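See below for the structure under consideration.
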Amino acid sequence: MAAGIVLTLMLAAQSAFADIPSDLTVAADKSLPQSSRQSAFDRIVSEGARDPALVVQASRAGDDTPTRWVAIRALGHIGGPQSRDALLGLLEDPEPAIRTAAVGAMGELGERAYSHRIAEMLSDPAVIVRAAAAETAGSLRDPSLIPALEAALSSQDSYYRGNSLWVRQHYVAALGAIGDMRALPVLLKALDDPDPNVADVSLRALEQLSGISFADGRDPVTEREAWRRWATAQIQQRGIR
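The following block contains the structure:
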């Protein structure tokens, strides 16, 4: 009887793992309903948590980018040493879409020990990778990433023919998401950025960082003036450099 139970459990486990490839296909198929794709993704994560080997293999295999993307994002939810090591290796993948998925999954892992790798990805050649790295930086809430975000915000790589690239908004948003007052000098400067989109995101980031708002009863000009006064006072009081 006991042997029969063990055999049944083994067959069930093999059957579950054998479904991972088909679930990857379903989860990557944008023509299917979102509910079906999400259910497939949840199964991948559930089975991968028991043994991530097949998911790791799928994240590295072939040229089917949508399927690899799903496997990579699943690794971020699965976690553990195998997932982490696979994701760190995928940060070097030649395909920007794969690097984007990997850096996003690193944010889902939430391991600050690898913040230095996220900082490096902020200067990736591909803008979509840089944006994903900024979002991951915000989710990690690691103040050590503030200097890297400041550098990325002012880098010449964040401009094209003198025009501010959209990725700069992501850097500013990440500074607010980190939630550390040491980001105030950067946000204060960004509040007067020539790119109005960056300036607007900076205002939202200040609200997120501080937990307050100066919008009530003020027009946009006086609202920004109030933020300048508040931020300047905080920087002085806290001795932030």
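Those letters in the sequence shown? Residues 388 to 628, by this note's numbering. Ideal placement from N, C-alpha and C gives every residue a C-beta, glycine not left out. Model, not experiment: these values are computed from the prediction.
Can you give the Cα-Cα distance for Ala403 and Pro534, rounded to whole angstroms?
Here residue 403 is taken as the residue at index 16 of the sequence shown, counted from 1. Here residue 534 is taken as the residue at index 147 of the sequence shown, counted from 1. With a pLDDT of only 46 at Ala403, under the threshold of 50, the placement of this residue in the model should not be trusted; the figure read from the coordinates follows. Roughly 45 Å between the two C-alpha positions.
Kindly indicate which three-state DSSP category Ile622 falls into: helix, strand or coil?
For this step, residue 622 is matched to residue 235 along the sequence shown. In this structure, Ile622 counts as helix in the three-state DSSP scheme.
Give the DSSP bridge partners of Ser551, in chain order.
Here residue 551 corresponds to residue number 164 of the sequence shown, with the count starting at 1. Bridge partners of Ser551: Tyr546.
Could you give the distance in angstroms between the alpha-carbon of Asp480 and the alpha-carbon of Pro512?
As a position in the sequence shown, residue 480 is number 93, starting the count at 1. As a position in the sequence shown, residue 512 is number 125, starting the count at 1. The straight-line gap from Cα to Cα measures roughly 12 Å.
Roughly how many whole angstroms lie between the Cα atoms of Ala448 and Leu441?
Here residue 448 is taken as the residue at index 61 of the sequence shown, counted from 1. Here residue 441 is taken as the residue at index 54 of the sequence shown, counted from 1. Roughly 10 Å between the two C-alpha positions.
Residue range of the alpha helix (DSSP H) that includes Ile508:
Counting from 1 along the sequence shown, the entry for residue 508 is found at position 121. Just to set this straight, residue 508 is Met in the shown sequence, not Ile. Note, Met508: alpha helix (DSSP H), 502 to 508.
How is the alpha helix (DSSP H) around Pro468 delimited, first residue to last?
Here residue 468 corresponds to residue number 81 of the sequence shown, with the count starting at 1. 468 to 477 is the span of the alpha helix (DSSP H), which, as asked, contains Pro468.
Let's test the definition: count the other Cβ atoms within 10 Å of the Cβ of Asp579 and tell me whether it reaches 16, buried, or not, exposed.
In the sequence shown, residue 579 corresponds to position 192, counting from 1. It is exposed - the Cβ of Asp579 has fewer than 16 other Cβ atoms within 10 Å.
Please report the straight-line C-alpha distance between Ile505 and Ser551, rounded to a whole angstrom.
By 1-based counting over the sequence shown, the position of residue 505 is 118. By 1-based counting over the sequence shown, the position of residue 551 is 164. Using only the alpha carbons, I get a separation of about 22 Å.
Could you check the C-alpha separation between Ile599 and Leu590 for me, to the nearest Å?
Within the sequence shown, residue 599 is the residue found at index 212, counting from 1. Within the sequence shown, residue 590 is the residue found at index 203, counting from 1. Roughly 11 Å between the two C-alpha positions.
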